[in-house]
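Numbering (our numbering), first residue to last: 44 to 531.
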């Protein structure tokens, strides 16, 4: 159910039953403004697409990148042959492994630092080049236990200053490392499980590594407090994709075995943040009579629909509700320590729960005709007759990761098993009725491209029929003088 694409182990939790996949993408684990059916009604589609493109642009680097594994080996566990290990990491394109070795080993730094390093300090001071020999002693990151720390905090008697590290591949041969001094909710002396970051304390900076002719990376740039550091306040996002109970259970499992598998450090850290966020939202709802009543009203509406649906439709609606509730969590600006930083969390939750209740009120138990409006948590889909053919108009958005919007139009013809799209540049769409709901499969071209949706999104999904709109009273349909409207 939660199948995950191929990712490094540090971004995946494996259980006997399934894989749980998640990805966290910012310093304080806040989330972008939600976009759903309510926003499509309030914002023109073109404007909404512009908003998505703006977010995509501001997060382009963050989407490509990932947190560098915090599982840096302890000083006493350094690789006995670090040069060979670093070379193998280059050949395997394992940059995070290479970075750990680079931060740990002086020999690796001597071998894989450019002859001239471009160095820029904070402020308006111009950048300048330093020779390799002069630069080697000023690398701003080091390792302590499984984690990264500021080098000057490794001295005897000093408290470790832990760093939040994020890596990203910004070009085919270029990797970028963003670092920031951060406070974590657990900072043990042994540098092992430090928990999750709850505050960015500064300073911050970035390192640039470029692949050389031998295929291995070289450090070429060291910039302190760059203007475009992703750790500055801005539009951040958090992606949590399973229930809070799953986060807590998996976090407990990871913490039990993390001593033997330090590469799961980031997995545990991500799970902890998602669990805290889920708990914060649930506590807010439980503590508010108004929010509690809205949640119960949603549950009652779901139960009422389920009693009149076929089993297949009932299961699909339950999955759709799960996506809707996760999208509510994705929209909240909540720090990992449970604070909300002046964000009106109860007010935001109230509006989102009201919107969801209104959406559910539109859903009919079933429909046996393709023509009409269909909805789900992602958006709307309209099918109308066009002579002997059908016209489809769909406007879903990606509520899971806010990666794309879609404005899809096309003509479809009837087949034995449903509706098929007349060719749109090689894409195929198949719509069929099952258990009174509409199941849509949107397949890409043979080259794997979907041109009708941004970021290779699609209109695939299960859509639910809407109730017919009530006709206005007969007296309002009588002819008369035109209505006049005045601006207040």
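Beta carbons are placed, not taken as given, at the ideal position from N, Cα and C, and that holds for glycine. Quick caveat: nothing in here was measured; it's all calculated off a predicted structure.
Where residue i sits in the DSSP three-state scheme
{"i": "residue 424", "result": "strand"}
{"i": "residue 232", "result": "coil"}
{"i": "residue 247", "result": "strand"}
{"i": "residue 172", "result": "strand"}
{"i": "residue 412", "result": "coil"}
{"i": "residue 335", "result": "helix"}
{"i": "residue 214", "result": "strand"}
{"i": "residue 439", "result": "strand"}
{"i": "residue 369", "result": "helix"}
{"i": "residue 126", "result": "helix"}
{"i": "residue 137", "result": "coil"}
{"i": "residue 104", "result": "Unreliable placement is indicated for residue 104, whose pLDDT of 33 sits below 50; no coordinate value is reported for it."}
{"i": "residue 323", "result": "helix"}
{"i": "residue 387", "result": "coil"}
{"i": "residue 342", "result": "helix"}
{"i": "residue 256", "result": "coil"}
{"i": "residue 196", "result": "helix"}
{"i": "residue 354", "result": "helix"}
{"i": "residue 328", "result": "helix"}
{"i": "residue 294", "result": "helix"}
{"i": "residue 180", "result": "helix"}
{"i": "residue 542", "result": "Given that the chain is displayed from residue 44 to residue 531, the structure contains no residue 542 and the question cannot be resolved."}
Chain-order list of residues whose beta-carbon lies under 8 angstroms from that of residue i (same chain, five-residue window excluded)
{"i": "residue 103", "result": "Summary for residue 103: the model assigns pLDDT 32, below 50, so the residue's position carries little reliability; its value from the coordinates is reported in the next sentence. Same-chain partners within the cutoff: there are none."}
{"i": "residue 6", "result": "What is shown of the chain runs 44 to 531, which leaves residue 6 out entirely."}
{"i": "residue 475", "result": "460, 461, 462, 481, 482"}
{"i": "residue 216", "result": "253, 254"}
{"i": "residue 397", "result": "337"}
{"i": "residue 84", "result": "Only weak support is given to the placement of residue 84: the predicted model assigns it a pLDDT of 37, under 50, and the value that follows is read from those uncertain coordinates. Hits under 8 angstroms: none found."}
{"i": "residue 428", "result": "414, 434"}
{"i": "residue 150", "result": "125, 126"}
{"i": "residue 400", "result": "337, 340, 341, 344"}
For residue i: DSSP bridge partner residues
{"i": "residue 475", "result": "482"}
{"i": "residue 449", "result": "496"}
{"i": "residue 159", "result": "174"}
{"i": "residue 264", "result": "161, 251"}
{"i": "residue 462", "result": "457, 474"}
{"i": "residue 224", "result": "206"}
{"i": "residue 417", "result": "424, 508"}
{"i": "residue 145", "result": "Answer is none; residue 145 lacks a bridge partner."}
{"i": "residue 240", "result": "227"}
{"i": "residue 434", "result": "427, 454"}
{"i": "residue 190", "result": "187"}
{"i": "residue 219", "result": "211, 251"}
{"i": "residue 406", "result": "509"}
Per-residue burial, residue i [other beta carbons within 10 Å of its own, 16 or more giving buried]
{"i": "residue 27", "result": "No answer is possible for residue 27: the residues shown for the chain start at 44 and end at 531."}
{"i": "residue 439", "result": "buried"}
{"i": "residue 485", "result": "buried"}
{"i": "residue 293", "result": "buried"}
{"i": "residue 408", "result": "buried"}
{"i": "residue 195", "result": "exposed"}
{"i": "residue 452", "result": "exposed"}
{"i": "residue 210", "result": "buried"}
{"i": "residue 221", "result": "buried"}
{"i": "residue 316", "result": "buried"}
{"i": "residue 414", "result": "exposed"}
{"i": "residue 370", "result": "buried"}
{"i": "residue 505", "result": "buried"}
{"i": "residue 227", "result": "buried"}
{"i": "residue 247", "result": "buried"}
{"i": "residue 391", "result": "buried"}
{"i": "residue 172", "result": "exposed"}
{"i": "residue 257", "result": "exposed"}
{"i": "residue 363", "result": "buried"}
{"i": "residue 416", "result": "buried"}
Residues near residue i in its chain [Cβ-Cβ closer than 6 angstroms; skip 5 each side]
{"i": "residue 331", "result": "389"}
{"i": "residue 403", "result": "344"}
{"i": "residue 496", "result": "447, 449"}
{"i": "residue 251", "result": "219, 263, 264"}
{"i": "residue 230", "result": "237"}
{"i": "residue 255", "result": "261"}
{"i": "residue 472", "result": "464, 485"}
{"i": "residue 395", "result": "371"}
{"i": "residue 124", "result": "none"}
Same chain, Cβ closer than 7 angstroms to residue i, five either side skipped, listed in chain order
{"i": "residue 187", "result": "197, 203, 234"}
{"i": "residue 510", "result": "405, 407"}
{"i": "residue 141", "result": "129, 132, 133, 260"}
{"i": "residue 180", "result": "none"}
Residue i beta carbon near the ligand MN (any heavy atom closer than 7 angstroms)
{"i": "residue 412", "result": "Inclusion of the ligand MN in the displayed structure is not the case, the ligand content being empty and no account of it being possible."}
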